[in-house]
Amino acid sequence: MADSKFSILPAHVGIIMDGNGRWAKNRGLPRSMGHIEGAKTFRKIGEYAGNLGIRHISFYAFSTENWSRPEEEINAIMDLFGDYLREAEEKLDDNLEKGIRLRFLGDRDKLRSDLVEKMEFLENETKNMSKVHVNVAVNYGGQQEILHSVKNIAEDILSGKIKPEGITLERIQKGLYTGEQPPVDLVIRPSGEQRLSNFLLWQSAYAEFWYSDVLWPDFTENDFDEALRAFEKRNRRFGGV
Ligand code: FPP
Numbered sequence: 048m049a050d051s052k053f054s055i056l057p058a059h060v061g062i063i064m065d066g067n068g069r070w071a072k073n074r075g076l077p078r079s080m081g082h083i084e085g086a087k088t089f090r091k092i093g094e095y096a097g098n099l100g101i102r103h104i105s106f107y108a109f110s111t112e113n114w115s116r117p118e119e120e121i122n123a124i125m126d127l128f129g130d131y132l133r134e135a136e137e138k139l140d141d142n143l144e145k146g147i148r149l150r151f152l153g154d155r156d157k158l159r160s161d162l163v164e165k166m167e168f169l170e171n172e173t174k175n176m177s178k179v180h181v182n183v184a185v186n187y188g189g190q191q192e193i194l195h196s197v198k199n200i201a202e203d204i205l206s207g208k209i210k211p212e213g214i215t216l217e218r219i220q221k222g223l224y225t226g227e228q229p230p231v232d233l234v235i236r237p238s239g240e241q242r243l244s245n246f247l248l249w250q251s252a253y254a255e256f257w258y259s260d261v262l263w264p265d266f267t268e269n270d271f272d273e274a275l276r277a278f279e280k281r282n283r284r285f286g287g288v
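The opening position of the sequence shown corresponds to residue 48 in our numbering, with each subsequent residue numbered one higher.
Here is the structure:
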């Protein structure tokens, strides 16, 4: 149910969880401590968004470019992701009661097999849920996602399932990790950067962008409200007048 404090809610919100490293550096702590705090914020904002009535929310946890970070940091992020998966499995009944469907966006080939196993388990267990859709992007790149869909179409053409005329916008969208989910209406990026960084490129074609200087570990429910309030005021024309 939509919270009465907003007249309109975005159907799909994308969040780029940025600024963990700087948060830690500002405190003289190792970067991994920033990710630990960031993971707490991820849980807090995910829950809050669901309670507000946001139907689809996508979090950018690890990009295809993040492999260039020090191994120690990569391992710390993957371990935190593993903790989250374990917790989601433990709380599965609770999640099912809340109607939460979990999806993981990105290429799984490079991910640890224990993580992939849990990701597949959770996706399968929650696949009939439709109240709240939570997407976590891990080893995700927007360009790579489009390429993945195009390759899928090429296979359909080779096997004679479709003809080149059958390549439509809908068919490309169907092959994306987000499948039938609605396009992103609002992209939120904390930590002062004002770029999309290869996040949900296709889905964000007409998204409104909201950014703030607050670092992700410090991001609060009030910041989320502020982004939603800004969204309420935007005049979305989708190329019209
Ligand atoms: C960007 O901040 C953040 C990341 C690359 C990792 C995000 C990971 C988490 C929030 C925790 C693990 C995920 C889950 C789903 C539990 P940055 O490190 O680039 O920050 P900086 O720009 O200040 O260096």
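Yeah, the Cβ is synthetic: ideal placement off N, Cα and C, and Gly gets one too.
Residue i and residue j closer than 8 Å at C-beta
i      : j      : result
Gly153 : Phe246 : no
Ala254 : Leu233 : yes
Glu137 : Lys165 : no
Trp263 : Pro237 : yes
Phe285 : Trp257 : no
Leu76  : Phe128 : no
Thr225 : Gln250 : yes
Leu143 : Met176 : yes
Met64  : Gly85  : yes
Phe109 : Val185 : yes
Phe266 : Ile92  : yes
Backbone CA spacing between residue i and residue j [nearest angstrom]
i      : j      : result
Leu139 : Ser160 : 21 Å
Leu243 : Ala252 : 11 Å
Leu248 : Asn73  : 31 Å
Arg89  : Glu119 : Note on residue identity: the sequence assigns Phe, not Arg, to residue 89. Using only the alpha carbons, I get a separation of about 21 Å.
Ala49  : Gly146 : In this predicted model, Ala49 has a pLDDT of only 47, less than 50, meaning its place in the structure is not dependable enough to derive any value.
Phe168 : Val181 : 15 Å
Ser79  : Ala71  : 8 Å
Asn171 : Phe151 : 11 Å
Leu132 : Asp141 : 14 Å
Ile124 : Val261 : 21 Å
Val179 : Leu99  : 11 Å
Lys221 : His195 : 11 Å
8 Å contact criterion, which residue i and residue j should meet: CB distance rounded
i      : j      : result
Ile83  : Ala96  : Their Cβ separation, rounded to whole angstroms, is 21 Å, which puts Ile83 and Ala96 out of contact at 8 Å.
Val183 : Phe271 : Contact flag wrong, Cβ pair sits at about 17 Å.
Host alpha helix (DSSP H) of residue i (start-end)
i      : result
Tyr131 : 118 to 137
Ser160 : 160 to 172
Ala277 : 268 to 280
Status (buried if at least 16 other CB within 10 Å, exposed otherwise) for residue i
i      : result
Arg148 : buried
Gly66  : buried
Pro117 : exposed
His59  : buried
Pro211 : exposed
Gly287 : exposed
Gly201 : Checking the sequence, you will find Ala at residue 201 rather than Gly. That one is exposed.
Gly213 : exposed
Lys52  : exposed
Leu223 : buried
Segment limits, beta strand (DSSP E) that includes residue i
i      : result
Phe256 : 255 to 258
Val288 : Here Val288 belongs to no beta strand (DSSP E), and DSSP marks it neither H nor E.
Arg218 : From DSSP, Arg218 is part of no beta strand (DSSP E) but of the alpha helix (DSSP H) over 216 to 221.
Asn186 : 179 to 187
Ser105 : 103 to 110
Residue-chain proximity (residue i, chain C), Cβ-Cβ < 8 Å
i      : result
Leu162 : The structure shown contains no chain C, having only a single protein chain.
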